[in-house]
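Visitor:
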Amino acid sequence: MSDGAVTERMLLTGIGELVTNEPAPDREGGPLGIVRDAAVLVEDGRIAWVGRGTHASEHLARRDEREDRREGDEHRTLWDADVEVVDVGGRAVIPGFVDSHTHLVFGGDRAEEFAARMAGRRYEAGGIRSTVAATRAASDDELRARLAAFVAELHDQGTTTFEVKSGYGLSVADEERLVRLAGEVTDEVTFLGAHVVPAEYADAPDAYVELVVGEMLAACAPHARWIDAFCERGAFTPEQSRRVLDAGAALGLGIRVHGNQLGEGDGVRLAVELGAASVDHCTYLSEADVAALAASDTVATLLPGVEFSTRQPYPDARRLIDAGVTVALASDCNPGSSFTSSMPFCIAVAVRDMGMTPAETVWASTAGGAAALRRTDVGAIRPGARADLVLLDAPSHVHLAYRPGVPLVARVWKDGALITER
Numbered sequence: 065m066s067d068g069a070v071t072e073r074m075l076l077t078g079i080g081e082l083v084t085n086e087p088a089p090d091r092e093g094g095p096l097g098i099v100r101d102a103a104v105l106v107e108d109g110r111i112a113w114v115g116r117g118t119h120a121s122e123h124l125a126r127r128d129e130r131e132d133r134r135e136g137d138e139h140r141t142l143w144d145a146d147v148e149v150v151d152v153g154g155r156a157v158i159p160g161f162v163d164s165h166t167h168l169v170f171g172g173d174r175a176e177e178f179a180a181r182m183a184g185r186r187y188e189a190g191g192i193r194s195t196v197a198a199t200r201a202a203s204d205d206e207l208r209a210r211l212a213a214f215v216a217e218l219h220d221q222g223t224t225t226f227e228v229k230s231g232y233g234l235s236v237a238d239e240e241r242l243v244r245l246a247g248e249v250t251d252e253v254t255f256l257g258a259h260v261v262p263a264e265y266a267d268a269p270d271a272y273v274e275l276v277v278g279e280m281l282a283a284c285a286p287h288a289r290w291i292d293a294f295c296e297r298g299a300f301t302p303e304q305s306r307r308v309l310d311a312g313a314a315l316g317l318g319i320r321v322h323g324n325q326l327g328e329g330d331g332v333r334l335a336v337e338l339g340a341a342s343v344d345h346c347t348y349l350s351e352a353d354v355a356a357l358a359a360s361d362t363v364a365t366l367l368p369g370v371e372f373s374t375r376q377p378y379p380d381a382r383r384l385i386d387a388g389v390t391v392a393l394a395s396d397c398n399p400g401s402s403f404t405s406s407m408p409f410c411i412a413v414a415v416r417d418m419g420m421t422p423a424e425t426v427w428a429s430t431a432g433g434a435a436a437l438r439r440t441d442v443g444a445i446r447p448g449a450r451a452d453l454v455l456l457d458a459p460s461h462v463h464l465a466y467r468p469g470v471p472l473v474a475r476v477w478k479d480g481a482l483i484t485e486r
C-alpha cells in the first residue's frame, strides 16, 4: 500500500487498452468505449483529458500555453516540468470497480455453516441471527479494525467505490453504531434494520417493524444515504417492507431492496413501484418482473458470489440484458452467503455461469454499479469524473474472466491517489 499522496497532475501513458465506458464513433467495444494506445491526464483528483497517447503531449502543450497566456507568462511552456508521467507499458486500464452491495461491519464468521451447506444443508436467511449475536458482542474498535481490513481487500482488488449496509445489529444502539462505523469508510451507507427479525422479536415481527420505522430509523438516518429491506420469505413481508421503505424515504433516504433471492415474490415489483435505485439478488424472476425492470430506471444488481456460496441457481443475466434491463454486479460481501470481497472473482463467475460476456461484466461492475448508486462521478473514465483507475497486469479487460483467481490488479488510484501497488 502507498501513503495515498496525491499528485496534482499525472499523465498515464502507454495504455494498450483503455476502458472508458464512454462510447463514441471512434472507439471500440460498444458501451465500453475502448481507446487503443491511450493516455489519461489527471488533475487534482479528477480526469482532465482522455485520448490517444500520440496526442497527449500536444494536448498538454496547448493547455499550458493557454494557462500561460492567462497568467501573462509567455515563456513557461514545458508541460512535463509539473506532471508525473507514468508509462504502463501497453497494459490495460479500466475504471475502478463500484461495489454497490456489501455487508462489511460484523463480528464472527459462519465457516461452520458454510461447511454444512457444502455437505448438503439448504441456505436459509435465518442464519443471519448468529452473526447478529457475534456483532453485538464485538466492541467498536474490534469492528472498526475488521472493517479497515475489508476495505484494504477491496482496494487491493480494484474496488474504489463501495456501499456498506448495516443489518447485523438489529437493536437501536447496535444499528446506530454500525451505520456510524460504515460512514467512517464510505459515503454510501445503507440502513438495513429490516434485515431479519431478531430472536427477541421472533413472536412479534410487527412490533419489530414498529421499532425499525420509529426509534431505530431516527437514530440511523443521520448516518445513512439509503434504506433497504429484505423482502423475502423468512425475512419481511411486502407490507412490512413497504412500511420500512416509505418511512426511510420520508426522511430523505434513497431506496434499495433485497428481493427475489429465495423464490419469486413481490420484491422486484415493490422496488419498481417505489422508484428504488436498485433491487438486489433477482435470482427468481417472472416475465412480469423482467418487464417491470425493463420499463423502469431501477437497476437489477446481481450477486454471483451468493449463488456460488449457496449452490442456488444463478440469476439469468442474459434474459435481463436482452430485455433492456440495466444490470450491475456486486460482491454482497457478508459472512453467511458470499464471503468474498473480490469483484474480479464475481466477473469470472458471471461470465462462466450467468450468460454474460466479459465486456458486459466489466461494464456492470463499474458503470452498472455507479448506476445502482445513482452516481455520475464514478464508474467511467471521462473528463470531470473522479480519477478512480485500475491498472491490470494484462493487455485486455477480457483477462479478468480469462484468468480467474489470478491477481491481475497491479495498481489502483482513488481520486488520483495511488492506494495499491503490487
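Taking this note's numbering, I'd label the letters of the sequence shown as residues 65 to 486.
Using N, Cα and C, we set each Cβ at its ideal position, and we do this for glycine too.
Everything numeric in this text was worked out from a predicted model, so none of it was measured.
Which class does F170 belong to by DSSP, given the choice of helix, strand or coil?
Guide: Of the three classes helix, strand and coil, the one that applies to F170 here is coil, per DSSP.
Visitor: Just verifying my parser: in three-state terms, what is the DSSP assignment at C346?
Guide: Here C346 sits in coil by DSSP.
Visitor: Leaving out five residues on either side along the sequence, give the residues of the same chain with a beta carbon under 8 Å from the beta carbon of R486.
Guide: Within the same chain, R486 has close Cβ partners D220, D457, P471, V473, A474, R475.
Visitor: Between which residues of its own chain and V462 is the CB-CB distance below 6 Å, once the five residues before and five after are set aside?
Guide: Excluding sequence neighbours, V462 sits near P422.
Visitor: Starting from G153, trace the beta strand (DSSP E) in both directions and tell me its first and last residue.
Guide: Per DSSP, G153 belongs to no beta strand (DSSP E) and is neither H nor E.
Visitor: Could you give the DSSP three-state label for F214: helix, strand or coil?
Guide: Note: F214 maps to helix in three-state DSSP.
Visitor: By alpha-carbon positions, which one of V99, I79, G80, E81 ends up nearest to P87?
Guide: It is V99 whose Cα lies nearest to the Cα of P87.
Visitor: Would the beta-carbon of G227 fall within 8 Å of that of T254?
Guide: Going by the sequence as given, residue 227 is Glu instead of Gly. Yes, Cβ-Cβ distance for E227 and T254 is below 8 Å.
Visitor: With DSSP run on the structure shown, which of helix, strand or coil describes T501?
Guide: Here the chain covers residues 65 to 486 and nothing more, so residue 501 does not appear.
Visitor: Excluding sequence positions up to five away, which residues of its chain have a Cβ less than 7 Å from the Cβ of H139?
Guide: Here H139 scores only 37 on pLDDT, less than 50, and its place in the model should not be relied on; the value that follows carries that caveat. The answer is none, since no qualifying residue turns up.
Visitor: From the DSSP output, which residues share a beta bridge with D292?
Guide: Its beta-bridge partners are R320.
Visitor: Can you tell me which of the three DSSP states V363 falls into?
Guide: Here V363 sits in strand by DSSP.
Visitor: Per DSSP, which residues does D90 bridge with? Please list them.
Guide: BP columns for D90 are empty, so no partner.
Visitor: What residue range is occupied by the uninterrupted alpha helix (DSSP H) comprising A201?
Guide: It spans 192-201 - the alpha helix (DSSP H) in which A201 sits, taken as one unbroken run.
Visitor: Please check the pair G400 and T195, which I expect to be a contact at CB under 8 Å, by giving their CB distance rounded to whole angstroms.
Guide: So it is a contact: roughly 6 Å between Cβ atoms.
Visitor: Three-state secondary structure (DSSP) at A412?
Guide: Here A412 sits in helix by DSSP.
Visitor: Go through its chain and collect everything with a Cβ distance to T390's Cβ below 6 Å, but skip five positions before and after it.
Guide: V363, A435.
Visitor: In terms of DSSP beta bridges, what is L75 paired with?
Guide: Note: L75 sits in a beta bridge opposite L105, V149.
Visitor: Nearest by alpha-carbon distance to G169: which of G433, L207, V152 is it?
Guide: Gly is not the amino acid found at residue 169; the sequence shown has Val there. Among G433, L207, V152, the Cα nearest to that of V169 is on L207.
Visitor: Can you give me the start and stop residues for the beta strand (DSSP E) that E252 sits inside?
Guide: Note, E252: beta strand (DSSP E), 252-258.
Visitor: For D163, list the residues DSSP reports as bridge partners.
Guide: In DSSP, D163 forms a bridge with F226.
Visitor: Using the three-state DSSP reduction, which class does S401 fall into: helix, strand or coil?
Guide: In this structure, S401 counts as coil in the three-state DSSP scheme.
Visitor: So, are the CB atoms of A392 and G331 less than 8 Å apart?
Guide: Not a contact, by the Cβ cut-off of 8 Å.
Visitor: Per DSSP, what kind of secondary structure is R375 in: helix, strand or coil?
Guide: Coil at R375, not helix or strand.
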